[in-house]
Ligand code: C2E
Ligand code: MG
Ligand code: MG
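Residue numbers (our numbering): 1 to 651.
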């Protein structure tokens, strides 16, 4: 390299040479003068011997000075040579590319690393110009810190990242520093030093992927989605166009996750991601917001009927059987849609309102879609709020409690059992089961709530045995709990942990639960029965009341719904109401089922029931005896026996 620099700095070289030659000449002259004086037998005695001495001394001093100067110049020349050799060695072994470039960009020197990085040899590079090696655009788009096109123009004084072209038309990212050498020579040379930063760029890209993409599905994540939505909104505003945000959520993902395991759940999410991408154009963004919730930004369509068509297509594409490692899983998805600008001015609002529409779609039934409308918002926000409260409460183990309502034998007035009923109250605000049970069911919280109720009910039942011997407890099962294949194990564990005799536990099922696949339902019921628990049909008469399933599934208890009991003392429908209840009682009796009348509020109803149930054992649950009470009240205040119903009845 420094051969080149020597050549580039010839003026300084010449000056140095002149110095050396001048000094050498003076030395030779001095030596010759002394020898001549000696030969002529000088010093001149004109003004005495001292003059000769002085001249000799001056000549010697001059000689010493000249020798010193010559030595200095020789030393610096040697230093220069040493530096040159040293630097050549360094640049040869440097892990960075080094090039000496003149003002026109011609490459006067390149070190081996520069040649290796770019794939050219020194001779080839010597015929090239440095700016031609700089890419005018970053192939990675945005990965660099600087605007690359500027480098090609301002390369002579540059420090930053750049992309260099290699001999095989590839590109290599480098950290580039170009420094002008302020030498007195012509040509204004510069030194370009560049370091391969492929690893750094890769790490940057990995970080970017982590920050902007979902690692499980490879889809855009929430952050990138919001980025894209805000860019799309700017574009839409410029082009006076609209855009659409669509949110899709699997209807039964939690159940699939619980039943097939998380690995299968993850696999399913990957397949859903692929399916969604297949439903939209490449210009649209599909994103995984988290869990089983996906969002799609549509820029290609905005007409409501086109969006409706697409939403239907997505819903049906996701209503299929996917093959995962653990087997075949059937899924469906609900979809909510929000339009820009009418449903939101920014990504957050659009997503929130698409979520509101999604919530409504879920309520409307699986596999459906809904467009956001402003009136949806309030009701849904209220439900979302309840869902949040439930989640927070379940996490902090607060809010949930269990009350117990006695079941009283109609004829003796004795308490024969209790129904456990979930209660929710947080921060002094209570929610009725009618409000929170369906929300807990949809939010995937009912399993946990059901388990806690079951545990508390069993512990309570054990605790009240000294006061109400053989009084069992009835626990309501939700559809999700009933379909969970782990239910028998869960119940069995709770029974053994609480020390509760299984025959004291009664499981209340609604009619709709029994309408599923016969074999599956039968197997679940058999498993539950094998635990030694009793099975009750709750709210009988309100669902798809069918004698067939009462017989087929061999349940033990039938609970007549409150609506029939209400009919007992209404003047107009008195006879019809009574006939209906009489028929249910007769049927239940024939099938050897225990009977519970629910929601009995008045003594008059009790009397009618007593009359209709002559000779048939029947228990009564209702405000006429007691509202649901807390365990403490049950243990200390509830009477052990109520007054038996009177026999006097007006028909
Ligand atoms: P359900 O299982 O039919 O429970 C009986 C409901 O009737 C209870 O309402 C009870 O308080 C109410 N009730 C009892 N006697 C009377 C009466 O004389 N008059 C009136 N007006 N109502 C009476 P609650 O506690 O509000 O529960 C409502 C429903 O919520 C329950 O109906 C049940 O389906 C569900 N539920 C309650 N707790 C749970 C639970 O732990 N798990 C599940 N899955 N569902 C539950
Ligand atoms: Mg019940
Ligand atoms: Mg009921």
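C-beta: ideal position from N, C-alpha, C; glycine also.
Taking 8 Å as the cut-off, does the CB of residue i come closer than this to any heavy atom belonging to ligand 1?
i: residue 403; result: yes
i: residue 257; result: no
i: residue 581; result: no
i: residue 499; result: no
i: residue 607; result: no
i: residue 450; result: yes
Can we count residue i as close to ligand 3, meaning its CB is less than 8 Å from some heavy atom?
i: residue 562; result: yes
i: residue 601; result: no
i: residue 227; result: no
Below 8 Å on the Cβ atoms is my contact criterion, and I expect residue i with residue j to pass it. Report the Cβ-Cβ distance as a whole number of Å.
i: residue 276; j: residue 294; result: 6 Å
i: residue 502; j: residue 533; result: 5 Å
i: residue 129; j: residue 114; result: Rounded, the Cβ-Cβ distance is 14 Å, inconsistent with contact.
Could you tell me the distance, in whole angstroms, from the CA atom of residue i to the CA atom of residue j?
i: residue 694; j: residue 402; result: Here the chain comprises residues numbered 1 to 651, so residue 694 is not present and cannot be evaluated.
i: residue 351; j: residue 363; result: 18 Å
i: residue 345; j: residue 359; result: 21 Å
i: residue 423; j: residue 439; result: 14 Å
i: residue 340; j: residue 512; result: 41 Å
i: residue 488; j: residue 459; result: 18 Å
i: residue 230; j: residue 354; result: 16 Å
i: residue 298; j: residue 319; result: 21 Å
i: residue 466; j: residue 476; result: 24 Å
i: residue 48; j: residue 68; result: With a pLDDT of only 48 at residue 48, under 50, the local geometry of the prediction cannot be trusted, and the value read off the model is given with reservation. In a straight line, the C-alpha of residue 48 is about 31 Å away from that of residue 68.
i: residue 631; j: residue 612; result: 33 Å
i: residue 91; j: residue 205; result: 31 Å
i: residue 542; j: residue 563; result: 8 Å
i: residue 504; j: residue 602; result: 28 Å
i: residue 434; j: residue 549; result: 26 Å
i: residue 224; j: residue 443; result: 26 Å
i: residue 428; j: residue 462; result: 29 Å
i: residue 559; j: residue 497; result: 29 Å
i: residue 644; j: residue 629; result: 21 Å
i: residue 624; j: residue 635; result: 19 Å
i: residue 622; j: residue 506; result: 18 Å
i: residue 478; j: residue 537; result: 12 Å
i: residue 316; j: residue 307; result: 14 Å
May I ask you to report which of helix, strand or coil DSSP gives residue i?
i: residue 644; result: coil
i: residue 627; result: coil
i: residue 567; result: helix
i: residue 406; result: strand
i: residue 522; result: helix
i: residue 280; result: coil
i: residue 331; result: strand
i: residue 149; result: Caution is warranted here: a pLDDT of 47 is assigned to residue 149, below 50, making its placement in the model unreliable, and the coordinate value is therefore given only provisionally. The answer is helix: DSSP assigns residue 149 an H, G or I state.
i: residue 443; result: coil
i: residue 175; result: strand
i: residue 473; result: strand
i: residue 501; result: coil
i: residue 633; result: helix
i: residue 143; result: For residue 143, the predicted model reports a pLDDT of 45, less than 50, meaning its position is unreliable and no value from the coordinates is stated.
i: residue 290; result: strand
i: residue 120; result: coil
i: residue 616; result: coil
i: residue 272; result: helix
i: residue 468; result: coil
Between which two residues does the alpha helix (DSSP H) carrying residue i extend?
i: residue 391; result: 374–396
i: residue 352; result: 347–364
i: residue 257; result: 253–260
i: residue 482; result: 479–483
i: residue 612; result: 603–612
i: residue 159; result: Where residue 159 is concerned, there is no enclosing alpha helix (DSSP H), although the beta strand (DSSP E) it sits in stretches over 158–165.
i: residue 231; result: 222–238
With residue i as the anchor, note down where its beta strand (DSSP E) starts and where it stops.
i: residue 245; result: 243–250
i: residue 293; result: 293–298
i: residue 134; result: Counting along the chain, residue 134 falls outside any beta strand (DSSP E), and DSSP gives it neither H nor E.
i: residue 419; result: 415–426
i: residue 191; result: 190–196
i: residue 322; result: 320–324
How about residue i: is its Cβ closer than 8 Å to a heavy atom in ligand 2?
i: residue 559; result: yes
i: residue 594; result: no
i: residue 511; result: no
i: residue 456; result: no
i: residue 474; result: yes
i: residue 539; result: yes
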